[in-house]
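Note sheet for the following structure.
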Amino acid sequence: MFKPKAVKSPAAMPRHVAIVMDGNGRWAKKRFLPRLAGHRQGYESLRRMVELCLQRGIAVLTVFAFSSENWKRPVEEVSGLMDLLVKGLMREVPKLGEQGVRMEFPGERQGLSELVRSSLEQARAQTAHNDKLVLNICFNYGGRWDIVQAAQQLALRGEAITEDSLSGALSLAHVPDPDLVIRTGGEQRISNFLLWQSAYSEFFFSDKLWPDFDAAEFDRALACYAGRERRFGLISEQLAASSDAA
Ligand code: FPP
């Protein structure tokens with residue numbers, strides 16, 4: 047069984063945590079509730095996670111709230127998620143602003159209603175000056191869409207396609223790549239989340255359903271991360287040599 051090590055130094059903390067918030071539907075089903083009740087509870091869990099990231103000094107939190115593929119869900123679930131987003135933003139933006147949270151919404155705007163688009167733009171504009179935590183809510187987002195739209199931008203501008211230019215055109219170019227990607231709900235797959243950006247991320251899979259993901263489980267993920275050796279393609283001895291030289 048996994049025994050977490052204590053997080054010993056702030057350097058062992060991820061700067062950027064990304065989360066696939068999976069399990070809302072099952073949480074609701076277990077309680078004989080409609081799926082939307084699970085998403086509402088998932089929304090509460092997201093609020094709690096923002097507080098935890100602020101407390102733990104994490105600089106960037108990126109969550110997968112609505113994927114390019116989620117349009118295929120029942121129409122009432124799709125409209126319920128849109129509603130949750132719009133009402134949630136209306137309610138939370140002033141407080142998030144006070145807490146120093148900057149909000150960004152990586153994802154495709156096409157296909158979203160005018161109301162959703164303007165809510166996203168307002169929240170973005172109202173929090174743009176904040177610098178304690180960047181909260182990326184990926185909405186109508188897909189990793190493949192992101193790579194394609196970045197390549198299209200470069201082609202339109204006649205720019206050479208290199209790793210740097212492509213990275214710079216992606217919808218998460220404003221933040222470093224995620225150090226830690228968490229997926230809740232017991233599944234172990236990436237589901238078209240940050241395909242490019244997670245090339246060297248550490249992964250933590252939790253059996254907890256997203257609405258049940260709490261401070262203790264988050265700290266378990268952080269402790270697990272702190273115990274990993276990130277080699278970025280090198281070998282341990284090279285890493286040791288470079289940290290001795292530093
Ligand atoms: C995946 O669980 C979750 C989603 C598709 C939606 C995530 C939304 C929230 C956490 C609420 C916050 C919402 C906004 C709009 C900010 P699932 O429904 O696939 O769960 P299941 O695998 O148990 O069915």
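Here the sequence shown stands for residues 47 to 292, numbered as in our numbering.
Ideal Cβ placement from N, Cα and C applies to all residues, glycine included.
- With three or more CB-CB distances shorter than 8 Å, the region 166-186 counts as touching the region 140-158.
- Per the C-alpha coordinates, the member of 71, 259 and 286 positioned closest to residue 124 is 71.
- Excluding residues up to 5 positions away in sequence, 229 and 234 lie with their Cβ nearer than 6 Å to the Cβ of residue 251 in the same chain.
- Checking the 7 Å criterion, the Cβ of residue 127 is within range of a heavy atom belonging to the ligand FPP.
- The shortest C-alpha to C-alpha distance from residue 262 to any of 99, 74 and 68 is the one to 99.
- Under the three-state reduction of DSSP output, residue 116 falls in the helix class.
- For residue 149, the enclosing beta strand (DSSP E) begins and ends at 147-150.
- Not a single heavy atom of the ligand FPP lies less than 7 Å from the C-beta of residue 225.
- Uninterrupted beta strand (DSSP E) stretches at least 3 residues long and entirely within the region 69-145 occur at 106-113, given in chain order.
- At the C-beta level, residue 231 and residue 256 come within 8 Å of one another.
- Fully contained in the region 200-225 are the following alpha helix (DSSP H) runs of length 4 or more, in chain order: 209-215.
- Judged by DSSP in its simplified three-state form, residue 183 adopts strand.
- Within 7 Å of the C-beta of residue 187 there is not a single heavy atom belonging to the ligand FPP.
- When secondary structure is reduced to three states using DSSP, residue 261 falls in the helix class.
- Pairing residue 290 with residue 225, the inter-Cα distance amounts to about 22 Å.
- Counting only residues of its own chain and dropping the five nearest sequence neighbours on each side, residue 274 has a CB closer than 7 Å to the CB of 248.
- With the rule of 3 Cβ pairs closer than 8 Å, the region 209-218 does not count as touching the region 83-98.
- Nearest to residue 254 by alpha-carbon distance, out of 135, 59, 62 and 66, is 66.
- At least one heavy atom of the ligand FPP lies less than 7 Å from the C-beta of residue 68.
- Here residue 193 carries a helix assignment [DSSP, helix/strand/coil].
- Taking every protein chain shown into account, the CB of residue 215 has 16 or more other CB atoms within 10 angstroms, so this residue is buried.
- In the DSSP assignment, residue 248 forms a beta bridge with 226.
- Three or more beta-carbon pairs separated by less than 8 Å are not found between the region 164-172 and the region 186-206, which leaves the two stretches without contact.
- Between residue 109 and residue 131, the CB-CB gap reaches or exceeds 8 Å.
- Just so you know, the alpha carbons of residue 195 and residue 236 end up roughly 20 Å apart.
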